[in-house]
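Everything below concerns the one structure shown next.
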Amino acid sequence: MQLDAIDWRILAALQHNGRLSNQDLADRVALSPSACLRRVRMLEESGLIRGYRAELDAARLGFELEAMVQVSLDRSRDDWHDTFLQQVQAFDEVAAAYIVAGPCNYMLHVRCANLAAFSAFVVDKLNKLPGMRDICSYIVMQTIKNQLGVLPLADKTTRGGVS
525 MQLDAIDWRI LAALQHNGRL SNQDLADRVA LSPSACLRRV RMLEESGLIR GYRAELDAAR
585 LGFELEAMVQ VSLDRSRDDW HDTFLQQVQA FDEVAAAYIV AGPCNYMLHV RCANLAAFSA
645 FVVDKLNKLP GMRDICSYIV MQTIKNQLGV LPLADKTTRG GVS
């Protein structure tokens, strides 16, 4: 799908405020409301817009502890990777999980109510996974920037883009 500068401006506007009315979005990107709605639907149908959601305040909702956890597994087991992928999907505490290159196999972004809940997660769940070799946790003291899910589209909105 070939995107033009207007498509990129639509994407940039919606990623910062997914609740924009079609009229407000159309005004921002200099289109008629009907043309704007057609483009948004095309972006949704193509999968470039995967969904919309509210950003919740984790700390105010009682999830005060955030941690980054490095996990290394014993690779001598034939099913080490598939087993871990299945298990990590079931852990509500894991907000995001990544396969990484480097000294560990995976990096987990974990949210828990408090230190006791995090400790229980690590000891009672994560540490008991088959093939667990090493866990290294980093407790987040303060978030200084959080733009997860927000892509740097500013350059694309001014010069157009490629597919």
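Taking this note's numbering, the leading residue of the sequence shown gets 525, the next gets one more, and so forth.
We put the CB at the ideal spot given by N, CA and C, even for glycine.
Predicted, not measured: the structure shown is a model, and the values here were computed from it.
Nonlocal neighbours in the same chain, by C-beta distance under 6 angstroms from residue i, ignoring five residues either side
| i | result |
| --- | --- |
| Val612 | Val618, Ala621 |
| Thr607 | Pro654 |
| Gly586 | Ala637 |
Strand pairing of residue i, partner residues [DSSP]
| i | result |
| --- | --- |
| Glu569 | None, per the DSSP bridge assignment. |
| Ile659 | Val595 |
| Tyr622 | Met631 |
| Cys560 | Beta-bridge pairing links Cys560 to no other residue. |
Host beta strand (DSSP E) of residue i (start-end)
| i | result |
| --- | --- |
| Ser596 | 589 to 597 |
Cβ pair residue i, residue j closer than 8 angstroms
| i | j | result |
| --- | --- | --- |
| Val664 | Glu590 | yes |
| Arg533 | Ser596 | no |
| Leu675 | Gln539 | yes |
| Tyr662 | Met566 | no |
| Arg563 | Ile530 | yes |
| Cys560 | Asn546 | yes |
| Glu588 | Asn638 | yes |
Cβ neighbours of residue i in the same chain (closer than 8 angstroms, five flanking residues each side left out)
| i | result |
| --- | --- |
| Arg552 | Arg533, Ala537, Leu544 |
| Leu677 | Trp532, Leu535, Ala536, Gln539 |
| Ile623 | Asn629, Tyr630 |
| Leu549 | Ile534, Ala537, Leu538, Cys560, Val564 |
| Ala554 | Ile530 |
Range of the contiguous alpha helix (DSSP H) that encloses residue i
| i | result |
| --- | --- |
| Ser485 | Because the chain spans 525 through 687 in this model, residue 485 falls outside it and cannot be assessed. |
| Thr667 | Where Thr667 is concerned, there is no enclosing alpha helix (DSSP H), given that its DSSP letter is neither H nor E. |
| Gln547 | 546 to 553 |
| Phe615 | Taken as a continuous stretch (DSSP letters only), Phe615 belongs to no alpha helix (DSSP H), as it is neither H nor E. |
| Leu650 | Taken as a continuous stretch (DSSP letters only), Leu650 belongs to no alpha helix (DSSP H), as it is neither H nor E. |
| Ala582 | Note, Ala582: premise wrong, no alpha helix (DSSP H); not H, not E. |
| Asp603 | Per DSSP, Asp603 belongs to no alpha helix (DSSP H) and is neither H nor E. |
| Arg543 | It is not in any alpha helix (DSSP H) - Arg543 carries neither H nor E in the DSSP assignment. |
Sequence-distant residues of its chain with Cβ nearer than 7 angstroms to residue i (five each side left out)
| i | result |
| --- | --- |
| Val688 | A query on residue 688 cannot be resolved here, the shown segment of the chain reaching from 525 to 687 and no further. |
| Gly685 | Annotation note: pLDDT 48 at Gly685 (below 50); position unreliable, coordinate value reported separately. Result list for Gly685: Leu527, Trp532, in chain order. |
is_contact[residue i, chain C] using C-beta, thresh 8 angstroms
| i | result |
| --- | --- |
| Lys669 | Protein chains in the displayed structure number just one, and chain C is not present. |
Decide yes or no for the touch test of the segment 628 to 635 against the segment 572 to 580: beta carbon pairs closer than 8 angstroms, at least 3 of them.
-> no
If we count Cβ pairs, one from each stretch, closer than 8 angstroms, do we get three or more for the segment 601 to 608 versus the segment 644 to 652?
-> no
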